[in-house]
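50 is the number of the first residue of the sequence shown in the numbering used here; add one for each residue after it.
Working notes for the structure below.
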Amino acid sequence: MNEQDLIREHLADGWQVYADDGFIGLAGPFFHRSGPGGPAFRLATLPKHHNRNGVLQGGALMTFIDRAMGATARELTQTPHTATVQINVNFIDAVRIGEAVQAAPQMVRATRQLIFMSGTFAVDERVVAVATGVWKKIVHAGGRTL
(Lines of atoms letter the chains of each structure in order from A and count residues from 1; the text may use other names and numbers.)
(Lines give C-alpha, C1' and ligand atoms only; values in the text may rest on other atoms or scores of the structure.)
Protein backbone atom coordinates (compact mmCIF):
# COMPACT_ATOMS: atom_id res chain seq x y z
CA MET A 1 0.00 0.00 0.00
CA ASN A 2 1.35 3.44 -0.83
CA GLU A 3 1.21 6.45 1.49
CA GLN A 4 -1.74 8.15 -0.21
CA ASP A 5 -3.84 4.96 -0.07
CA LEU A 6 -2.91 4.57 3.60
CA ILE A 7 -4.03 8.13 4.33
CA ARG A 8 -7.35 7.67 2.50
CA GLU A 9 -8.01 4.42 4.42
CA HIS A 10 -7.34 6.09 7.79
CA LEU A 11 -9.45 9.14 6.95
CA ALA A 12 -12.33 6.80 6.07
CA ASP A 13 -11.89 5.12 9.50
CA GLY A 14 -12.26 8.45 11.35
CA TRP A 15 -8.59 9.29 11.85
CA GLN A 16 -7.09 12.67 10.97
CA VAL A 17 -3.62 13.20 9.60
CA TYR A 18 -1.36 14.87 12.16
CA ALA A 19 -0.19 17.64 9.83
CA ASP A 20 3.32 19.00 10.30
CA ASP A 21 5.52 20.54 7.63
CA GLY A 22 8.70 19.80 9.61
CA PHE A 23 10.40 16.52 10.44
CA ILE A 24 7.16 14.83 11.53
CA GLY A 25 5.84 15.28 7.98
CA LEU A 26 8.81 13.25 6.76
CA ALA A 27 8.68 10.66 9.57
CA GLY A 28 4.95 9.95 9.30
CA PRO A 29 2.27 9.97 8.37
CA PHE A 30 1.00 10.03 11.94
CA PHE A 31 -2.74 9.94 12.66
CA HIS A 32 -4.81 11.19 15.60
CA ARG A 33 -8.38 11.40 16.81
CA SER A 34 -10.15 12.54 19.95
CA GLY A 35 -11.21 10.02 22.53
CA PRO A 36 -13.02 10.16 25.87
CA GLY A 37 -9.76 10.32 27.88
CA GLY A 38 -7.89 12.52 25.43
CA PRO A 39 -6.36 12.05 22.03
CA ALA A 40 -5.30 8.76 20.47
CA PHE A 41 -2.45 8.42 17.97
CA ARG A 42 -1.52 5.91 15.30
CA LEU A 43 1.52 5.15 13.17
CA ALA A 44 0.74 2.85 10.26
CA THR A 45 4.10 1.57 9.09
CA LEU A 46 5.27 1.75 5.51
CA PRO A 47 8.36 0.28 3.80
CA LYS A 48 10.19 3.61 4.35
CA HIS A 49 10.05 2.96 8.13
CA HIS A 50 12.14 -0.25 8.10
CA ASN A 51 15.54 -0.89 9.62
CA ARG A 52 18.25 -3.34 8.49
CA ASN A 53 16.28 -6.19 10.08
CA GLY A 54 13.18 -5.41 8.04
CA VAL A 55 11.09 -4.21 11.00
CA LEU A 56 10.17 -0.74 12.26
CA GLN A 57 13.23 1.42 12.95
CA GLY A 58 13.48 2.16 16.69
CA GLY A 59 14.12 5.85 16.02
CA ALA A 60 10.91 6.04 13.97
CA LEU A 61 8.98 4.56 16.88
CA MET A 62 10.66 6.98 19.31
CA THR A 63 9.73 9.93 17.07
CA PHE A 64 6.11 8.73 17.09
CA ILE A 65 6.18 8.29 20.88
CA ASP A 66 7.62 11.79 21.39
CA ARG A 67 4.96 13.37 19.18
CA ALA A 68 2.04 11.39 20.62
CA MET A 69 2.98 12.08 24.24
CA GLY A 70 3.95 15.72 23.65
CA ALA A 71 0.79 16.51 21.70
CA THR A 72 -1.31 14.86 24.42
CA ALA A 73 0.51 16.91 27.08
CA ARG A 74 -0.26 20.12 25.18
CA GLU A 75 -3.92 19.22 24.64
CA LEU A 76 -4.66 18.07 28.18
CA THR A 77 -3.00 21.12 29.79
CA GLN A 78 -4.06 23.60 27.11
CA THR A 79 -0.39 24.60 26.74
CA PRO A 80 0.36 25.87 23.23
CA HIS A 81 4.11 25.11 23.33
CA THR A 82 6.17 22.46 25.11
CA ALA A 83 9.67 21.07 24.87
CA THR A 84 10.66 17.48 25.57
CA VAL A 85 12.86 17.29 28.66
CA GLN A 86 13.18 13.51 28.96
CA ILE A 87 11.80 10.34 27.41
CA ASN A 88 12.35 6.80 28.66
CA VAL A 89 11.37 4.08 26.20
CA ASN A 90 11.37 0.33 26.72
CA PHE A 91 11.07 -1.61 23.48
CA ILE A 92 9.04 -4.74 24.16
CA ASP A 93 8.49 -6.32 20.74
CA ALA A 94 9.30 -5.65 17.09
CA VAL A 95 6.78 -3.99 14.80
CA ARG A 96 6.52 -5.59 11.37
CA ILE A 97 6.19 -3.31 8.37
CA GLY A 98 2.50 -3.03 7.51
CA GLU A 99 1.41 -3.10 11.17
CA ALA A 100 -0.02 -0.05 12.94
CA VAL A 101 1.13 1.15 16.36
CA GLN A 102 -1.50 2.90 18.44
CA ALA A 103 -1.59 4.69 21.80
CA ALA A 104 -3.66 7.01 23.96
CA PRO A 105 -0.98 8.53 26.23
CA GLN A 106 -1.92 9.54 29.76
CA MET A 107 -0.95 12.56 31.80
CA VAL A 108 0.45 11.47 35.16
CA ARG A 109 0.78 14.96 36.64
CA ALA A 110 1.16 18.57 35.60
CA THR A 111 2.90 21.25 37.63
CA ARG A 112 3.30 24.94 36.87
CA GLN A 113 6.24 24.19 34.53
CA LEU A 114 6.35 20.45 33.85
CA ILE A 115 4.03 17.78 32.45
CA PHE A 116 4.67 14.12 33.30
CA MET A 117 3.36 11.58 30.79
CA SER A 118 3.17 7.82 30.28
CA GLY A 119 2.03 5.62 27.46
CA THR A 120 1.67 2.06 26.28
CA PHE A 121 2.19 1.59 22.55
CA ALA A 122 0.64 -1.47 20.98
CA VAL A 123 -0.19 -3.26 17.75
CA ASP A 124 -3.72 -4.46 18.42
CA GLU A 125 -3.36 -6.05 21.88
CA ARG A 126 0.40 -6.74 21.58
CA VAL A 127 2.43 -4.20 23.56
CA VAL A 128 5.49 -3.11 21.56
CA ALA A 129 6.79 -0.27 23.78
CA VAL A 130 6.12 1.52 27.04
CA ALA A 131 7.29 5.05 27.68
CA THR A 132 7.40 7.80 30.27
CA GLY A 133 8.47 11.35 29.74
CA VAL A 134 8.58 14.93 30.95
CA TRP A 135 7.64 18.03 28.93
CA LYS A 136 8.35 21.62 29.88
CA LYS A 137 5.68 24.24 29.32
CA ILE A 138 7.08 27.01 27.12
CA VAL A 139 5.85 30.53 27.77
CA HIS A 140 6.37 33.24 25.19
CA ALA A 141 6.67 36.72 26.68
CA GLY A 142 7.57 39.78 24.65
CA GLY A 143 8.84 37.64 21.80
CA ARG A 144 11.15 35.65 24.09
CA THR A 145 10.89 32.01 25.03
CA LEU A 146 11.30 31.55 28.75
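No residue lacks a Cβ here, since even glycine has one placed at the ideal position from N, Cα and C.
Between the options, which has its C-alpha nearest residue i's C-alpha?
| i | options | result |
| --- | --- | --- |
| arginine 116 | Asp142, Val66, Asp54, Asp173 | Val66 |
| valine 138 | Met111, Val157, Arg161 | Met111 |
| alanine 159 | Val172, Gly74, Thr131 | Thr131 |
Taking 8 Å as the limit between beta carbons, can you name the residues of its chain near residue i, skipping five residues before and five after?
| i | result |
| --- | --- |
| glutamine 162 | Lys185, Lys186 |
If you drop the 5 nearest sequence neighbours on each side, which residues of the same chain put their C-beta closer than 6 Å to that of residue i?
| i | result |
| --- | --- |
| proline 154 | Ala117, Met118, Thr121, Met166, Gly168 |
| threonine 128 | Lys186 |
Does the distance from the CB of residue i to the CB of residue j come in under 8 Å?
| i | j | result |
| --- | --- | --- |
| phenylalanine 140 | glycine 107 | yes |
| phenylalanine 113 | leucine 92 | yes |
| glycine 103 | isoleucine 146 | yes |
Beta strand (DSSP E) containing residue i: first to last residue?
| i | result |
| --- | --- |
| alanine 149 | 149-152 |
If you drop the 5 nearest sequence neighbours on each side, which residues of the same chain put their C-beta closer than 7 Å to that of residue i?
| i | result |
| --- | --- |
| arginine 175 | Asp142 |
Which residues bound the alpha helix (DSSP H) around residue i?
| i | result |
| --- | --- |
| arginine 82 | Not the alpha helix (DSSP H): arginine 82 falls in the beta strand (DSSP E), residues 79-84. |
| arginine 158 | Counting along the chain, arginine 158 falls outside any alpha helix (DSSP H), though it belongs to the beta strand (DSSP E) covering 155-159. |
From the DSSP output, read off the bridge partner residues of residue i.
| i | result |
| --- | --- |
| threonine 131 | Lys186 |
| proline 88 | Ser83 |
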